[in-house]
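> Mind having a look at this structure? Questions to follow.
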Amino acid sequence: MAKGTWGQRERNASLIHTWKVVWAISLMWLLLPSGPAAADTVRILALGDSLTAGYGLAAEDGFVAQLQAALLEVGHDVEVIDAGVSGDTTAGGLARLDWALAAGADAAIVELGANDALRGIDPASSRANLDGILSALGDLGLPVLLAGMLAPRNLGSDYVVAFDDMYPELAAEHDAIFYPFFLEGVAAQPSLNQSDGIHPNPEGVAIIVEAMLPDVIALVERAQATP
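No gaps in the numbering here: position 128 of the sequence shown is 128 in my numbering, and each next residue is one more.
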């Protein structure tokens, strides 16, 4: 066999092999799942107590489900992660924060403190716990919406002032978006609450979501702007 013919066959075989590799790589890229849509989804961690968890409600009627539906309806690609635990206090929220963040998040809503007030826990302790939560989220670069609570007025003026004031003060210290009172428009309204008079019914949750939606949209926009 002529030397030139053998060399030509080697070159042809090499060229064919190269094209096979290029074709295989191209096919692999084509078959990979498309990532941009999933990557653009803003994941919001909702860290809270029974008000977040939707105590006494069907899953689709709770705060997390209604909020996610409302955001999707106005064109925001979001996933709201339910990290609400009924009966939880600020101390409990701080203790389980790392676990709640394990699956990842781009932003957070913090709704805690109602059970602290109901138990008469020292506002200084509640404040320290909320400060720990906001500091941890800030260290991770996560924008936060802090939902305020109001202390029962029968606990005395000193308690009420210390408890109520900690929310706006902490929001300012941590540059969090501040929603003054989670139950605004719903508290003490029998038609908007369950039989216990404390937990919102589906209509009450809908009012909360509608009122909070502009602030949550601002939270989503902060998350989208965060590198």
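The beta-carbon is built from N, C-alpha and C at its ideal position, and this holds for glycine as well.
On a predicted model such as this, the values are computed, not experimentally measured, just so you know.
Alpha helix (DSSP H) containing Ala83: first to last residue?
Sequence index remark: in the sequence shown, residue 83 carries index 83 (1-based). Here Ala83 belongs to no alpha helix (DSSP H); instead the beta strand (DSSP E) covers 78-84.
> So Ala53 is in the alpha helix (DSSP H); what residue range does that whole segment cover?
Within the sequence shown, numbered from 1, the residue matching residue 53 stands at position 53. Here the alpha helix (DSSP H) through Ala53 covers 50-53.
> Under the assumption that Ala83 contacts Ala46 (Cβ atoms under 8 Å), give the Cβ distance between them as a whole number of angstroms.
For the purposes of this step, residue 83 is taken as residue 83 along the sequence shown, with counting starting at 1. For the purposes of this step, residue 46 is taken as residue 46 along the sequence shown, with counting starting at 1. Indeed, because the Cβ distance is near 6 Å, the residues count as touching under 8 Å.
> Please report the distance separating the alpha-carbon of Ala117 from that of Pro123.
Sequence index remark: in the sequence shown, residue 117 carries index 117 (1-based). Sequence index remark: in the sequence shown, residue 123 carries index 123 (1-based). Taking the straight line joining both Cα atoms gives about 8 Å.
> Could you tell me the boundaries of the alpha helix (DSSP H) in which Ile207 lies?
On the sequence shown, position 207 is the one that residue 207 refers to. Segment 202-225, the alpha helix (DSSP H) holding Ile207.
> Are there any heavy atoms of the ligand GDP lying less than 7 Å away from the beta-carbon of Thr226, as far as the coordinates show?
This structure simply doesn't include the ligand GDP, nor any ligand for that matter.
> Using DSSP with H/G/I as helix, E/B as strand and the rest coil, what is Ile121?
Counting from one through the sequence shown, the residue named residue 121 turns up at place 121. DSSP places Ile121 in coil when its eight states are reduced to three.
> Note down, in chain order, each residue of its chain lying with its Cβ closer than 7 Å to the Cβ of Glu203, except the 5 sequence neighbours on either side.
Looking up residue 203 in the sequence shown gives position 203. Hits under 7 Å: Leu192.
> My understanding is that Phe181 touches Gly148, with C-beta atoms under 8 Å, so please give their C-beta distance in whole angstroms.
For the purposes of this step, residue 181 is taken as the residue at position 181 of the sequence shown. For the purposes of this step, residue 148 is taken as the residue at position 148 of the sequence shown. With 8 Å as the limit, Phe181 and Gly148 qualify as a contact, their Cβ atoms being about 5 Å apart.
> Grab me the residues of Leu219's own chain with a C-beta within less than 8 Å of its C-beta, minus the 5 sequence neighbours each way, in chain order.
Working through the sequence shown from its first residue, we reach residue 219 at position 219. Hits under 8 Å: Ile44, Ala107, Ile109, Pro143, Val144, Leu145, Ile177.
> Identify every run of the alpha helix (DSSP H) within the segment 87-164, keeping only runs that are complete inside it and at least 4 residues long; order them along the chain.
With a minimum length of 4 residues, the continuous alpha helix (DSSP H) runs that stay inside the segment 87-164 are 90-95, 97-100, 114-118, 123-139.
> Would Arg230 be called buried (16 or more neighbouring beta carbons within 10 Å of its own) or exposed?
Lying outside 1 to 227, the shown extent of the chain, residue 230 is not represented and no answer is given.
> What's the call for Ser125, buried or exposed, on a 16-neighbour Cβ count within 10 Å?
If you number the sequence shown from 1, residue 125 lands on position 125. With fewer than 16 Cβ atoms within 10 Å of its Cβ, Ser125 is classed as exposed.
> Can you tell me whether DSSP reads Ala70 as helix, strand or coil?
Numbered from 1 along the sequence shown, position 70 holds the residue referred to as residue 70. Three-state DSSP puts Ala70 in a helix.
> Considering Cα atoms alone, identify which of Asp131, Pro214, Asp77, Asn154 is closest to Thr90.
Translated into positions along the sequence shown, residue 90 becomes position 90. Among Asp131, Pro214, Asp77, Asn154, the Cα nearest to that of Thr90 belongs to Asp131.
> With a Cβ-Cβ cutoff of 8 Å, do Thr52 and Val64 count as a contact?
Counted from its first residue, the sequence shown places residue 52 at position 52. Counted from its first residue, the sequence shown places residue 64 at position 64. Closer than 8 Å, so yes.
> I'd like the span of the beta strand (DSSP E) that includes Phe178, first residue to last.
For the purposes of this step, residue 178 is taken as the residue at position 178 of the sequence shown. Segment 177-179, the beta strand (DSSP E) holding Phe178.
> Using the Cβ count rule (16 or more neighbours within 10 Å means buried), how would you classify Gly104?
Stepping through the sequence shown from its first residue, residue 104 is reached at position 104. The residue in question, Gly104, is exposed, as its Cβ has fewer than 16 Cβ neighbours within 10 Å.
> Assuming contact is defined by CB atoms lying nearer than 8 Å, are Val186 and Pro200 in contact in what I supplied?
Residue numbering aside, residue 186 sits at position 186 when the sequence shown is read from its first letter. Residue numbering aside, residue 200 sits at position 200 when the sequence shown is read from its first letter. The answer is yes: Cβ separation under 8 Å.
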